[in-house]
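Novice:
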Amino acid sequence: MSDGHRERSGLEPYEPLNVLKPVGPDIWIVDGPEITLAWIGLKLPFTTRMTVVRLDNGDLILHSPVEYSPELRSTLEALGPIRFLIAPNSLHYWWVPDWKAQLPEAMVLAVPGLEKRAKRPIQVDQPLIDRKSPWPDEIGLLVVSGDVLTEAIFFHRSSQTLILTDLIENFEPGRIHSWFFRLLVRLAGAADPDGKAPIDMQLSFFRSSQALRKAVRQMIVWAPERIIIAHGRWYQQNGVKELKRAFRWV
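Counting with the working numbering, you get residues 2 to 251 for the letters of the sequence shown.
Structure below.
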């Protein structure tokens, strides 16, 4: 997530934090610390989650990196060299510059227009272009753009894992400490077990609904077994079923 800072916990974290959690062959997640996001004068808590993919040549991709630490870097480099840092949408970029500062040879890939929209300086080495994956044999790529959000969607072929960021949010109400935020999440339509894009984000895709519908069809064709998301409970099975449910508004 972007312009956040740490405060008193508002969500039950997905512990343990800052450790690798296996998802499938050559893919892991790392749950990071909570941040807050400013929205219409409110400060809302969000959990953070990074996805780590190891390519066939051993190189590592860090998708939506969580907060940098030497200990986490050391753990990751035991798997392979960190070659790619991905800012997968126009909100999830905040810690990319910190990783880049420590790993100057790593390539930053980001959605188009991020450098102008970001609220801190970020060096982008290569834009993510729709259906032009840098690793086409291993990872499929789609890029969808709404009025508020541009997001890159990744499909890790060997593990049958779809990697989303904010296009589905699935907050577990039992993990939310604030009754007010719990109510907001339910009203927004982003509460487990029926998590999806919040209603304001859905409305922001009104003018580009046809392109999004086409992207959803491609995601279904990929037939993912699991879906990783950045916020809330991710889906360890029944990926196609969850896609059809979560994107029925499209």
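C-beta: ideal position from N, C-alpha, C; glycine also. Predicted model, so just to flag it, every value in this text is computed and none were measured.
Run through the stretch 111-177 for me and flag every whole beta strand (DSSP E) of 3 or more residues, listed as ranges in chain order.
Specialist: 140-146, 151-157, 162-164
Novice: On the criterion of 16 or more Cβ atoms from any shown chain inside 10 Å, does Asp57 qualify as buried, or is it exposed?
Specialist: Under a 10 Å Cβ-count criterion, Asp57 is classified as exposed, with fewer than 16 other Cβ atoms of the shown protein chains found around its own Cβ.
Novice: May I ask you to list the residues that DSSP assigns as paired with Tyr288?
Specialist: Residue numbering for the chain in the displayed model covers 2 to 251; residue 288 lies beyond these limits and cannot be assessed.
Novice: Please list, in chain order, all residues of the same chain as Arg234 whose beta carbon is under 7 Å from its beta carbon, the five residues on each side excluded.
Specialist: Asn171, Glu173, Asp193
Novice: I'd like the list of long-range same chain contacts for Pro113, defined as Cβ closer than 6 Å, with 5 residues on each side in sequence excluded.
Specialist: Pro128
Novice: So the candidates are Tyr94, Glu106, Glu72; which of them puts its Cα closest to the Cα of Ile83?
Specialist: Glu106
Novice: Any idea if Gly196 is buried or exposed, counting beta-carbon neighbours within 10 angstroms, 16 or more meaning buried?
Specialist: buried
Novice: Give every residue of the same chain whose Cβ lies closer than 7 Å to the Cβ of Tyr15, excluding the five residues on either side of it in the sequence, and list them in chain order.
Specialist: Excluding sequence neighbours, Tyr15 sits near Asp32, Thr48.
Novice: Tell me whether Asp193 sits in a helix, a strand or coil according to DSSP, three-state version.
Specialist: coil
Novice: Excluding the five sequence neighbours on either side, which residues of its own chain have a C-beta within less than 6 Å of the C-beta of Gln203, listed in chain order?
Specialist: Trp250
Novice: If the criterion is Cβ atoms closer than 9 Å, does the pair Ile123 and Leu142 meet it?
Specialist: no
Novice: Kindly indicate the opening and closing residues of the beta strand (DSSP E) around Gly25.
Specialist: 22-25
Novice: Is Ile154 near the ligand FAD, judged by its Cβ being under 8 Å from some heavy atom?
Specialist: For the structure depicted, the ligand FAD is absent and the ligand set is empty, with no information on it obtainable.
Novice: Using only the alpha-carbon positions, how far apart do Glu35 and Ile221 sit?
Specialist: 31 Å
Novice: Looking at the structure shown, is Leu104 part of a helix, part of a strand, or coil, going by DSSP?
Specialist: coil
Novice: Is the beta carbon of Val149 sitting closer than 9 Å to the one on Asp201?
Specialist: yes
Novice: Considering only C-alpha positions, which residue in the set Leu163, Pro199, Trp180, Lys133 is nearest to Arg227?
Specialist: Leu163
Novice: Which residue spans inside the stretch 48-80 form an unbroken alpha helix (DSSP H) run of at least 4?
Specialist: 71-78
Novice: Name, in chain order, the residues that DSSP records as bridge partners for Ile228.
Specialist: Leu163, Tyr236
Novice: Can you check which of these residues, Arg121, Phe156, Phe85, is closest to Pro137 by C-alpha distance?
Specialist: Phe156
Novice: Measure the alpha-carbon distance for Asp167 versus Ala231 and round it to whole angstroms.
Specialist: 7 Å
Novice: DSSP three-state label for Leu12, please.
Specialist: strand
Novice: Would you kindly work out how many angstroms separate the C-alpha atoms of Met254 and Lys101, rounded to a whole number?
Specialist: For residue 254 there is no data in the structure shown, the boundaries of the chain being 2 and 251.
Novice: Give the secondary structure of Ala88 by DSSP, where H, G and I count as helix, E and B as strand, and everything else as coil.
Specialist: Of the three classes helix, strand and coil, the one that applies to Ala88 here is strand, per DSSP.
Novice: Am I right that Pro26 and Ser159 are in contact with their C-beta atoms under 8 Å? What's the rounded C-beta distance?
Specialist: 5 Å
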